[in-house]
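These notes concern the structure reproduced below.
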Amino acid sequence: MNLKQKYQKEIVPTLQKEFGIKNIYAVPSIKHVVVNVGIGRILNNIGGGKNAEDLLKEIKKDLSLITGQWPAETKAKKSIASFKVREGQTVGLKVTLRGQRMYDFIARLVNIALPRIRDFKGIPEKNLDEHNNLNIGIYEASVFPEVTNSVLKHPFGLQITVVINDKHRERVVKLLKMLGFPLK
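In terms of the numbering used here, the sequence shown opens at residue 542 and continues consecutively.
Written as C-alpha cells, this is what we have:
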C-alpha cells in the first residue's frame, strides 16, 4: 500500500473519528511539497563561465532525480553588490510536487533520506510555521540514494516545505505523525 492509499484508507477515517470531523474535505491534507535549492553561493565560489553552467546542469539533474520532476530556475529580481548577485542571474532551483509524485517523495524522504542523516533526532515541532506548513532543511542532498557523485564535489542543501491546508495545529501534528514524519 503506497502513502496515498494509506492516507485515504487509514489516516482520513482516523482523523475524522478523533477530531469529530464530519466532512471528508475538512480533514487536513497535504496540498503540495516545494523543494528549493539555493545555488548562488556555489556558483559564485566556482566563478562564471562554462564551469558554472556545467555545475548548474549537474545540480538540476540531481534535483530532478531526487524529485522526479525537472526543476525551474529562480532568478534574482535585483542586483545586490554585497552578495555578488546580478539581476536575472540564477540563484536557485525550485520544484513543486503535487499528486502521486508528492506522496512518493514524502515516502522516500521519511523512510530513506531522514534516517540517513547523521545525528538525526527528529524534526522539532517549531519547524511548523504560523500557517502550519512544515519546513525541513537538509544540509547535504547526498542522503538521497538517487544523487550522483557530483554532489560529493560540490555539496548542496535542500529546503523542503510541506504545505498543509488546515488551521488547527494539533490536527496537522497528528497528520504528520501518521504519515511517518519523526516529529519530536
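Note that the Cβ used here is the ideal one computed from N, Cα and C, for glycine as well. Values in this document were obtained by computation on a predicted structure and should not be read as measured data.
Going by other Cβ atoms of all chains shown within 10 Å of its Cβ, with 16 needed for buried, is Phe-697 buried or exposed?
The residue in question, Phe-697, is buried, as its Cβ has 16 or more Cβ neighbours within 10 Å.
Below 8 Å on the Cβ atoms is my guess for Val-632 versus Gly-678; work out the distance and round it to an integer in Å.
Contact flag wrong, Cβ pair sits at about 17 Å.
Based on the DSSP output, what are the partners of Thr-702 in its beta bridges?
Among the bridge pairs identified by DSSP, Thr-702 is matched with Val-575 and Asn-676.
Apart from the five residues on each side of it in sequence, which residues of its chain come closer than 8 Å, Cβ to Cβ, to Lys-572?
If we look at Lys-572 and ignore the five residues flanking it on each side, its Cβ neighbours are Arg-639, Val-704, Ile-705 and Asn-706.
With DSSP collapsed to three states, give me the class of Ile-621.
Judged by DSSP in its simplified three-state form, Ile-621 adopts strand.
Beta-carbon proximity list for Met-542, same chain, < 8 Å, skipping 5 on both sides
These residues qualify, in order along the chain: Lys-550.
Indicate the three-state DSSP secondary structure (helix, strand or coil) for Lys-616 in the structure shown.
Strand.
Do Thr-608 and Val-651 come within 9 Å of each other at the CB atom, strictly closer than that value?
The criterion of a C-beta distance shorter than 9 Å is not satisfied by Val-651 and Thr-608.
Mark Phe-661 as exposed unless 16 or more other C-beta atoms lie within 10 angstroms of its C-beta, in which case mark it buried.
With fewer than 16 other Cβ atoms within 10 Å, it is exposed.
Rounded to a whole number of angstroms, what is the C-alpha to C-alpha distance between Lys-547 and Gln-630?
So the alpha carbons of these two residues sit roughly 42 Å apart.
What did DSSP end up calling Gly-633 once you bin it into helix, strand or coil?
Residue state, collapsed to three classes: strand.
Less than 8 Å between C-beta atoms, sequence neighbours within five positions excluded: which residues of the same chain meet that for Lys-725?
Excluding sequence neighbours, Lys-725 sits near Lys-662, Gly-663, Ile-664, Pro-665 and Glu-666.
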